[in-house]
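Worksheet for the structure shown next.
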Ligand SMILES: Cc1cc2nc3c(=O)[nH]c(=O)nc-3n(C[C@H](O)[C@H](O)[C@H](O)COP(=O)(O)OP(=O)(O)OC[C@H]3O[C@@H](n4cnc5c(N)ncnc54)[C@H](O)[C@@H]3O)c2cc1C
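Take a look at the structure:
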C-alpha cells in the first residue's frame, strides 16, 4: 500500500510514518495541501519491531485519539496489545489513503534558496515546508559500563527484548526502572526467571484509585490539557522520567516491593562493574520511597479534586509498603549470582545529525515553540511534551498536528507567521528514566 516516490517538488514533506507523521498527513489532507510522508521502514515499525511480545499500552485505549480516527474497539478502558496497536495505525493510514512512501530514509536536510532539500536513500526531494516526525524514542542508550562486562554475558537493550526464551538460561540483570525496565522485569519474573533489578529514580503511579483508572481522573482534572508554558521549568517537565505502571492483563500497579517479596532481588542504581561484580549506589530505599511518594501525591491530588467537586467515589486506604530493604547491597558477584544476561532499560536519545539546519541549542535539543522551529517552514511533531503530556503519545498528537497544520496552511497561503518563542531544553539522560546515563543525545 506504499505510495510511489514521484521525485517531484512537494509543498510539504513529512519525515516519519508513525502516529505523528500520519496525524500530520491527515491534517494536511484535510486542508488540501500537497504532501508526501517518508517512512524508512514500514508504517507501525516502532510498535511492531521494537516492543516485547507481551507489550500492552500503558495508557487506556480511549486515549488513542488519532485525528479523525478515535479508538472504536469494544474495550475503551482496556490496553491494546502490540499487534492491535500496529493494526490501529495501519488501519489509520489505509482508511484515509495517506500518501506514505515506505522504505525511504531521509539522510540529509538542508535549506537552499529555493526551499528545503531532502536527501533520501532513493534520491533528492524538494519541498517548501518540512515536518520532522521521526519519533520521540529513537536511539537506544546503553551506558558504557556495558563495554566492561564479560563477553560471555548476553546484553540487550529494552528495544531488542522480545521474551524470556530469547535469553540464555540463568539469572537476568535488568538495569533501569522506567516503564520498559519495570515491565520487562515483570515479564521475566512471571516466567519464573531469577531477576536482579537495578532500581533508578523513576516515579510510579497507581493504576486505579477510588473506583477508576488514574488516567481517567487526571483527564477529568485537566492534567492532559496543561501546556508546557504553564510550568515554571519546562526542561524539568519535558525530560523527567515516565511513571511506571502497566496495562498488562487488564492493567495493574507495578510495585517493586511486591516483586521483592516474591523473590526478585532489588538494588540501587548501577554504578559500575569491578572485580567481577556489579556495583550499586546505596539509594534503593530512597528510590522506592520516592516512587511511592509520587504515587501517593497523585492520589492526594485526586482526593482533593473529588472533595472540591463533591463527587461520590469509594474511599481507599493509603498505600502501606509491603517490603523494605533490610540492607543496601553495594555489590553483586557475577559468578555467585548466576547472571547470564543483562537487559539495559536505560532509555533512548535522538539522532539529529542528518538535519543540517541551525535550529538546535547547545545541547542538541531542537529549539521550538509548539513544534515550530526558528527556521521558517520547518517543524517537529511528536516530541515528548512538545506542548502537552500527550504530545509524544496517542492522546495529544492530534492537537499538536492540528496546530501545525494551521501554521503550515498559513505559510502555504503566503501569510506571515508570528514570532517564535524558543522553549529550549535538553535531556540530562535517557528519556525513559535513569539520569545516571551520561547525556548522549546527539545533534
Ligand atoms: C516502550 C514504550 C512504551 C510506550 N507506551 C505508550 C503508551 O502506552 N501510550 C502512548 O500513548 N504512548 C506510548 N509510548 C510513546 C509513543 O506513543 C511512541 O513512542 C510512539 O511510537 C511515538 O510515535 P511517533 O509517530 O511520534 O514516533 P515513532 O513511532 O517512533 O515513528 C517515527 C517513524 O519515523 C521513522 N523515521 C525515523 N527517522 C527517519 C528518517 N530519517 N527518514 C524516514 N523515516 C524515519 C521511523 O522508522 C518511525 O517509523 C511508548 C513508547 C515506548 C518507547
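In UniProt numbering, the protein residues as written are 1 to 443. Ideal Cβ placement from N, Cα and C applies to all residues, glycine included.
What is the DSSP secondary structure of residue i, counted as helix, strand or coil?
i, result
"residue 399", "helix"
"residue 133", "coil"
"residue 275", "coil"
"residue 359", "coil"
"residue 39", "strand"
"residue 105", "coil"
"residue 208", "strand"
"residue 437", "Because residue 437 carries a pLDDT of 27, less than 50, the predicted location of this residue cannot be relied on, and no value is offered for it."
"residue 56", "strand"
"residue 339", "strand"
"residue 421", "Here the model assigns residue 421 a pLDDT of 42, short of 50, so the residue's position is not dependable, and the following value carries that caveat. Here residue 421 sits in coil by DSSP."
"residue 26", "helix"
"residue 68", "coil"
"residue 199", "coil"
"residue 259", "helix"
"residue 17", "coil"
"residue 115", "strand"
"residue 267", "strand"
"residue 139", "strand"
"residue 412", "helix"
"residue 349", "strand"
Out of the options, state which residue places its alpha-carbon closest to the alpha-carbon of residue i.
i, options, result
"residue 152", "342, 316, 307 and 225", "342"
"residue 314", "288, 282, 411 and 212", "212"
"residue 241", "254, 344, 203 and 345", "203"
"residue 302", "283, 220 and 264", "220"
"residue 338", "288, 398, 195 and 273", "195"
"residue 187", "97, 349, 56 and 275", "56"
"residue 111", "216, 125 and 99", "125"
"residue 34", "100, 235 and 145", "100"
"residue 346", "197, 93, 20 and 104", "197"
"residue 450", "6, 71, 70 and 146", "The structure shown does not extend to residue 450, since the chain is modelled only from 1 through 443, so no value can be given for it."
"residue 357", "363, 375 and 369", "375"
"residue 401", "133, 8, 332 and 354", "133"
"residue 82", "49, 104 and 106", "49"
"residue 11", "79, 117 and 232", "117"
"residue 333", "407, 37, 87 and 273", "273"
"residue 305", "392, 222, 71 and 115", "222"
"residue 168", "157, 160, 193 and 178", "193"
"residue 412", "65, 280 and 115", "115"
Say the cut is 7 angstroms; is the CB of residue i nearer than that to a heavy atom of ligand 1?
i, result
"residue 216", "no"
"residue 395", "yes"
"residue 135", "yes"
"residue 295", "no"
"residue 402", "no"
"residue 83", "no"
"residue 392", "yes"
"residue 382", "yes"
"residue 41", "yes"
"residue 16", "yes"
"residue 54", "no"
"residue 181", "no"
"residue 444", "Coverage of the chain is limited to positions 1 through 443, which leaves residue 444 absent and any answer about it impossible."
"residue 344", "no"
"residue 51", "yes"
"residue 58", "yes"
"residue 354", "yes"
"residue 151", "no"
"residue 171", "no"
Check whether the Cβ atoms of residue i and residue j sit closer than 8 angstroms, and answer yes or no.
i, j, result
"residue 382", "residue 74", "no"
"residue 267", "residue 199", "yes"
"residue 285", "residue 321", "no"
"residue 371", "residue 379", "yes"
"residue 385", "residue 294", "no"
"residue 24", "residue 174", "no"
"residue 102", "residue 43", "yes"
"residue 207", "residue 252", "yes"
"residue 394", "residue 63", "yes"
"residue 396", "residue 224", "yes"
"residue 265", "residue 162", "no"
"residue 135", "residue 46", "yes"
"residue 377", "residue 129", "yes"
"residue 359", "residue 373", "yes"
"residue 348", "residue 139", "yes"
"residue 89", "residue 22", "yes"
"residue 260", "residue 323", "yes"
"residue 122", "residue 107", "no"
"residue 201", "residue 290", "yes"
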